[in-house]
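Student: First the structure, then my questions, so here it is.
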Ligand code: SF4
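In this note's numbering, the protein residues as written are 24 to 347.
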């Protein structure tokens with residue numbers, strides 16, 4: 024069986040075809056196959072093997088397998104609801120909030136989450152080389168109010184450590200920057216990506232590294248994922264988590280309490296719980312704000328305060344996430 028996801032110390036190769044699972048894929052309804060045509064299914068093999076493929080209520084199936092509901096239009100759910108194009112002065116550089124900028128260093132991911140808020144983004148024009156990033160570096164260097172750069176995407180850890188460490192070195196050369204944040208799903212969906220080479224460059228940079236791991240359900244935290252997080256924390260990398268509140272996946276305080284307890288035990292501080300953004304094709308994941316607030320109240324009654332993330336949603340034009 025050919026692995027769906029492979030890496031070498033300097034390269035990551037993604038295989039979009041589910042080899043060895045073709046029978047399960049053939050059993051998709053024509054609508055689900057159409058959903059996969061519009062936003063391709065992509066799964067690392069080890070994760071694919073943990074999914075109960077025939078069970079629509081399996082949380083991992085709901086997160087990662089195409090669904091006929093993605094074809095349904097829903098009023099107000101759009102391809103770019105956060106209007107990110109308006110805050111992207113040059114391709115790949117987003118400046119939404121004071122003091123920090125976000126670099127979309129790739130639109131590649133090891134996995135395609137069906138609810139992804141950037142599922143319609145093409146990634147056209149995103150720089151691929153340090154030379155192509157130079158206009159962004161000039162802008163960052165000229166803005167002395169900036170302290171932090173966030174590497175995002177896609178998933179930045181689909182890029183090689185060679186490319187990422189070169190980018191980190193370039194950013195570290197900008198004197199007013201102090202922190203480098205990495206937003207990633209890799210420790211959960213492809214834990215083998217957390218290699219000594221990765222922890223080495225994260226430790227070696229002058230900038231203080233912070234990693235924010237995207238995880239939504241305790242079933243995602245298998246022993247390999249927990250071991251990857253341990254390798255990061257043992258290397259001294261501060262870990263935070265962010266989760267999306269998703270109907271039929273984790274819209275239940277008991278499930279989220281189990282998730283945040285496991286994260287706290289793994290030395291990961293739950294940071295944000297996001298209300299889903301109104302992205303076309305994902306309305307079947309929506310959770311009403313009152314329901315979300317009730318879940319958070321139940322979590323406050325159950326967990327220590329440091330294990331309860333902030334419930335937030337993004338509103339285009341706001342200078343920060345809006346806390347709910
Ligand atoms: S890993 Fe992140 S960017 Fe990639 S599909 Fe999932 S949510 Fe979207």
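Where is the CB? At the ideal position from N, CA and C, for every residue including glycine.
1) Return yes when at least one heavy atom of the ligand SF4 lies under 8 Å from the C-beta of residue 272, else no.
2) Distance, Cα to Cα, residue 317 vs residue 347?
3) For the alpha helix (DSSP H) that residue 278 lies in, which residues bound it at each end?
4) Give me every residue whose Cβ sits closer than 6 Å to any heavy atom of the ligand SF4, in chain order.
5) Starting from residue 298, trace the alpha helix (DSSP H) both ways and give me its first and last residue.
6) Please tell me whether residue 315 has its Cβ less than 9 Å away from any Cβ of chain D.
7) Hey, residue 200 and residue 169 are a contact pair by Cβ (cut 8 Å); roughly how many whole angstroms apart?
8) Is the distance from the Cβ of residue 231 to the Cβ of residue 254 below 9 Å?
9) Would a C-beta distance cut-off of 9 Å place residue 240 and residue 208 closer than the cut-off?
10) Give me the Cβ distance between residue 337 and residue 125, rounded to the nearest whole Å; I'm assuming they're in contact under 8 Å.
11) Any idea what DSSP makes of residue 310, helix, strand or coil?
12) Specify the secondary structure class of residue 149 as computed by DSSP and reduced to three states.
13) With residue 234 as the anchor, note down where its beta strand (DSSP E) starts and where it stops.
14) Hey, could you find the ends of the alpha helix (DSSP H) residue 221 is sitting in?
15) Between the alpha carbons of residue 287 and residue 293, how many angstroms are there, rounded?
16) Where do the ends of the beta strand (DSSP E) carrying residue 336 lie?
17) Would you call residue 32 buried or exposed, if buried means 16 or more other Cβ atoms sit within 10 Å of its Cβ?
18) Helix, strand or coil for residue 192, going by three-state DSSP, please let me know.
19) Indicate the three-state DSSP secondary structure (helix, strand or coil) for residue 154 in the structure shown.
Tutor: Inspection of the coordinates gives the following:
1) no
2) 11 Å
3) 276-288
4) 132, 134, 135, 136, 139, 141, 176, 177, 178, 208, 237
5) Segment: none, residue 298 is in no alpha helix (DSSP H) and carries neither H nor E.
6) Judged by its chain identifiers, the structure shown contains no chain D, having just a single protein chain.
7) 6 Å
8) no
9) no
10) That belief does not hold up - the Cβ atoms of residue 337 and residue 125 are roughly 12 Å apart, past 8 Å.
11) coil
12) coil
13) 231-237
14) 219-227
15) 7 Å
16) 333-336
17) Unreliable positioning characterises residue 32 in this predicted model, as indicated by a pLDDT of 38, which lies under 50. The coordinate reading is nonetheless provided below. Its Cβ having fewer than 16 others within 10 Å, residue 32 is exposed.
18) helix
19) helix
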